[in-house]
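Okay, structure first, notes after.
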Amino acid sequence: MKKFIKQIHVILLSIMFLSLAFPHVVTAQDPTPSDDDVNDIAEQLYCPVCENIPLDACATQACVQWRGIIRDKLAEGWSEDEIKQYFVDQYGDRVLAEPPLRGLNWLVYIVPPAAFLAGAYMLYRNFRTPKAANGKQGTGHKQDASSKAKTEPEIDNYIAKLEEELRNR
Amino acid sequence: MALDIGFGSLTITFLVTLYAVGAAIYGERNKNDRWIDSARNAMLLTFPLLTISIISIIYLILTNQFQVNYVAHVSSLSMPVYLKITALWGSQAGSLVFWSWLLAAFAAAVMLRKWDNERDLLPWVIIITAGTLAFFLFLNVFFENPFARLWQSVQGVTVSMFAPSGAIPYIPANGQGLNPLLRHPGMIIHPPAQYLGFVSCIIPYAFAMASLITGRKDDNWIYISRRWTLWAWVFLSLGLVLGMRWAYDVLGWGGYWGWDPVEISALLPWLTGTAFLHSVMIQEKRGMFKQWNMVLIILTYDLVIFGTFLTRSGVLSSVHAFSTSAIGPLFFAFIALTLTASLGLLLHRWDDLKSNNELKSFFSREALFLLNNLLFMGVLVTSFWGVIFPLISELVSGQKVTVGPPFYERATAPLLGGLMLLMGVAPLSVWGYSSWKTLGRSIWKPFLASLLTIPVVFYLGIWKPWYAIVAFWMVGFVIAVTVYEFWCGTISRMRRFKENFFVALWKLVTRYRRRYGGYIIHLGMVLMALGIIGIEMFQTDTQGTIDVGEYLQLDEYTMTFDDIAIFDTNDGRYVTRAVVGIFKNDEKVSELYPRRDYFYDARQYVTVPGMRSTLADEFYVILVDLDPITRAIATFKIYHNPLVKWMWVGSWVFIVGFIVTVWPDKKPHTRR
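Those protein sequence lines, which keep their order, are chains S and G. Residues in the first sequence are numbered from 1 upward in steps of one, following the numbering used here. Residues in the second sequence are numbered from 170 upward in steps of one, following the numbering used here.
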C-alpha cells in the first residue's frame, strides 16, 4: 500500500513537472466589472429608446439589459471605444452624447462659434467714430445708428424731457 | 352640468377675445373711445369667465368623472386631493387652459391700471393680449378640449365633445393617474411659476408693439412696462430654479439640469429677458439701442410661445411627432406669423428708433452691458441650435443624432464664466466714458480682496482643476465688488448725512432700489454659481450591490445598509424602502430612507432619493434595485455633491433682491 501511494505521487508530480515544460499562457479570470466601471461607459451613452436619458440613469428593462451587455463586454476585455462603437453599430449615432464629426454634423460645432464671432464683430463695429461709420444700417442687430446731425434730435430731447416731467407729476 | 358650464364658458371666452380684438380695432380706426372701453371691458371679462372653466375642470377631477377623457388621463381614484388639483395642469389640454387663465389674469391686471397718459397705446395692447389669448383658446376649443368625453359605439371607443350618433357614454372604472414623476410637491409650484413667467412676458411685448404701431419715438413703453418685466423675469427665474430643484429631487440621477430640449425651451426666454433687463438701461440712460431692445422683446415673446409649444407637444422627440398632433403646425404658424409681423413692424419704424448718442469707449457701462448681451445671445444661439439641430439632421439626412450635455457644457461654460466676470466689473464702470485706467482705479481694492479666495481654496485642499480655482476666484470677485459697492455707498452717506451705519445702509438701498436690488440679485446668482461649480466639477459617485449589514464607501463617507421594508400605501403605491446609515469619518451623521415607489394605476416606478444636506455638501442615495428573491440584496447609487445647497440659498437671495428692486418708491418729493 505504501509503495502504491508513493507510485501515485511520483506519477502525479511527473505530470505536473512535465506540464511546466510546455509554456502556455495562464490568464487569471477578469474580476467582474464593477457597477462603477459599467457606469463610466454607460453615462457617455444615451438610451436608444427613451428621450434624452443617459444609459446609466435609465431604469427601463431594456436599459438594464444594455448595461448588462456593457458589463459582459468589459469582462471580455473590450475597450471603452470598442463598446461605444458596438452600440453605435447596433442603434445608430443617436446613442452618442454628441454627434460624431462627419458630414452635416460639422454644422453643430461650427455654427455657434461663428454666430458668436459675427456678433462680436457687429459689436466692434459700433465703436466706429461717426465719420467712419457707414450711412446704410441694414437689418443687423446691435446697430447703433451713429446718426448724422438731424433737425429731429433736439426736438425729440425736448419732448422727452417734457414727457418725463409729465410722468412725474 | 359642470362640464357644460365649463365648456360653455371656455367657448364664450374665445368669442369674447375675438370681440375684444374687433372692438379695439374698430374703436382705434374711428377714434371712438366707447368702443375701446368696450374692448377693455371684454378683456377684463375673460378672467372671471376662464375662472369658471378652471373651477369646472378641477371639479370634474375631484369628483372622479372618468368619462371625461382628460380626467381619465391625469387622475385616478387613489390620488390625494392636492395632486388632483395640480392635475389641472397635468397634461396638454388642461395646461393650455391654465396658461390662458394666467394670461387672462395678467391682461385684466393691465386693463386695471391708469391709462390716462397712454390712451393711444391701449387699443393695441388689447389687440395683442387678446389676440394671443384667442390663439390659445382656439387651440383649446377646437383641438385640445379638456372637456371632451369618451364614447362607446360599434367602431370602438372615441373621444369627442358631443356624442357621436349611436354612441353611449364610456365610463372607465378608474383613470390612469398623473405621471408618477409628477406626483411630487414640486408639481404644485413649478408649472405655475413657469407659466406665470411665460405669460407675463407678453405684457412688455404688447407695450413695445403698441409703441411701434402708434409711431411713438419715446421710451415710455420701457418705463411703463418696467415693473411687468421685472415680475416676468422673477417668475421665469423661479420656474427654472424650481424645475432644477424638482429634477434634483426626483429624476434620480443626482443632477438638476440635463440640457433637455424642454429645459432649454424654458431657458431661452430667460436669456433674452435678462439681456433685455440690462439693455433697456442703456436706452434709458443714453438713448441708445432702441432697435436692439425691440429685437430682444420680440424674441422673448416668440421664445415664450415656442417654449410653451415645446413643453406641451412632443415635437422634439421626432419630426414625425410634430405632425401627429394638430397643434404642432398651428403653433409653428403662429410663431412664424407673429415673428414676421413684429420684425416687419420694427423695420418699418427702424429710422424712428435711431439713437442720439454713440459708443465711445470699450469700458463704459453701455459697452459692458452690450458685452453682457453678446454673451447671453451666445448662450442662446448655442442652446437653440443644439435643440433644433437633431430635427434638421433628421429632415436632411434621415440620421437621428443626440446633442447632449457635453456639447452645451463645453460651449456655454466660458460664456457663463464671462458673464460672471462682468458681474464683477460692470458695477464699477460708468456711463459714457471709462478707460481701463479709470476702471482700474475703482476696481483694484475689491480685486485684491478677491485674491484671498485662492489661498482659502488651496487650504481646503482643492488644487485642481485649474478652471475650478478660477471659477472660485470669480465668485469671490463678484462678492467682493458687490460688498465694496454697498460699503462705499454707505460710508459716503454716513459722512454726508451724519447717519449711522444701518440707517445709511437702509436709506442707500431704499433710495436706489434698482441698483442695490440688482446687486443683491447678482449676489444670488453668484451663490447659485458656487453651488453649480461644486456639483459640476467635484461630484463623485459610486454604485454597488450589497447585502443587509454590508456597506458602501464614497470619499469620506460610509453608508451601511441597515434594513429594508416593503409595503402598500393607501394612495396606490407599492413601496420598497431601505434604511441606510450615513457615517462621515466613522461618525454617524444621518439615517436616510431611499425608496422606490411603484404606482399601480400608472404601472410605473419612481425612485425617491435619501439626502443628507449641509452647506458644505450633500450625500445623495438612490435605491436602484432590490433583488426580488432574497429581498435582502440591494443596489444603491450614491452621489457626493459638494456645495450644491448654495444653489438654493442663492435663489432665495435673488428673490430678496427682486423684492428690493420692485418695491414701489416713495413719492419723489420726500426723497433726500
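Glycine residues also receive a C-beta, built at the ideal position from the N, C-alpha and C atoms.
| query | result |
| --- | --- |
| Proximity below 9 Å, CB of I433 (chain G) to CB of V556 (chain G) | yes |
| Interface flag, L302 (chain G) vs chain A, CB-CB below 9 Å | Among the chains of the structure shown, chain A does not appear; the protein chains present are S and G. |
| Residues near Y685 (chain G) by beta carbon distance below 6 Å, same chain, minus five either side | V678 |
| Ordered list of alpha helix (DSSP H) runs contained in the region 276-347 of chain G, each at least 4 residues | 291-311 |
| CA-to-CA distance, G92 (chain S) to A276 (chain G), given in whole angstroms | 48 Å |
| Proximity test, Cβ basis, 9 Å: Q712 (chain G) and chain S | yes |
| Classification of F316 (chain G) by the beta-carbon crowding that lies within 10 angstroms, buried from 16 upward | buried |
| Alpha-carbon to alpha-carbon, K814 (chain G) and G750 (chain G) | 21 Å |
| Residue closest to L213 (chain G), alpha-carbon to alpha-carbon, out of G:A273, G:S222, G:S269 | G:A273 |
| Partners in chain G for V111 (chain S), counting only beta-carbon separations shorter than 7 Å | W554 |
| Chain-ordered residues of the region 570-595 of chain G with a beta carbon less than 7 Å from chain S | V570, T571, V572, G573, P574, P575, F576, A580 |
| Cβ pair I824 (chain G), Y726 (chain G) closer than 9 Å | no |
| Rounded Cβ spacing between L695 (chain G) and L104 (chain S) (contact assumed at less than 8 Å) | Before going on, a small fix: residue 695 (chain G) reads as Val here, not Leu. Going by Cβ atoms, the distance from V695 (chain G) to L104 (chain S) rounds to 39 Å, so no, they are not a contact pair. |
| For N810 (chain G): DSSP bridge partner residues | G:E787 |
| CB of G196 (chain G) within 9 Å of CB of D206 (chain G), strictly | yes |
| Y364 (chain G) vs T477 (chain G) beta-carbon contact at 9 Å | yes |
| For I802 (chain G), the three-state DSSP class (helix, strand or coil) | strand |
| Residue-chain proximity (W66 (chain S), chain G), Cβ-Cβ < 9 Å | no |
| Short CB-CB distance (under 9 Å) between L677 (chain G) and chain S | no |
| Residues from the region 116-130 of chain S in contact with chain G, defined by Cβ distance under 7 Å | F116, G119, A120, L123, N126, F127, P130 |
| Closer than 9 Å to chain S by CB, I561 (chain G) | yes |
| Short CB-CB distance (under 9 Å) between V749 (chain G) and chain S | no |
| C-beta neighbour in chain G for F87 (chain S), strict 9 Å | no |
| For R209 (chain G), the residue or residues it bridges with in DSSP | Beta-bridge pairing links R209 (chain G) to no other residue. |
| Neighbourhood of S782 (chain G) by C-beta, 7 Å cutoff - its chain only, sequence neighbours within 5 removed | K814 |
| The region 91-104 of chain S: positions lying closer than 9 Å to chain G by Cβ | G92, D93, R94, V95, L96, A97, E98, P99, P100, G103, L104 |
| Exposure label - P217 (chain G); buried when at least 16 CB within 10 Å | exposed |
| Contact check, Q234 (chain G) vs L184 (chain G), beta carbons under 9 Å | no |
| Cβ shell of S611 (chain G) (< 7 Å), same chain only, five flanking positions each side left out | L597 |
| Proximal residues of chain G, C-beta to C-beta of A57 (chain S) below 8 Å | L420, G421, W422 |
| Residues bridged to E756 (chain G) (per DSSP) | G:K753 |
| Backbone secondary structure at G423 (chain G) - three-state DSSP | coil |
| C-beta neighbour in chain G for I41 (chain S), strict 9 Å | no |
| The region 578-595 of chain G touching the region 537-547 of chain G, judged by at least three CB pairs closer than 8 Å | yes |
| Listed by chain order, chain S residues near G476 (chain G) by CB distance under 7 Å | None at all; the shortest Cβ gap to chain S is about 16 Å. |
| Y743 (chain G) vs Y762 (chain G) beta-carbon contact at 9 Å | no |
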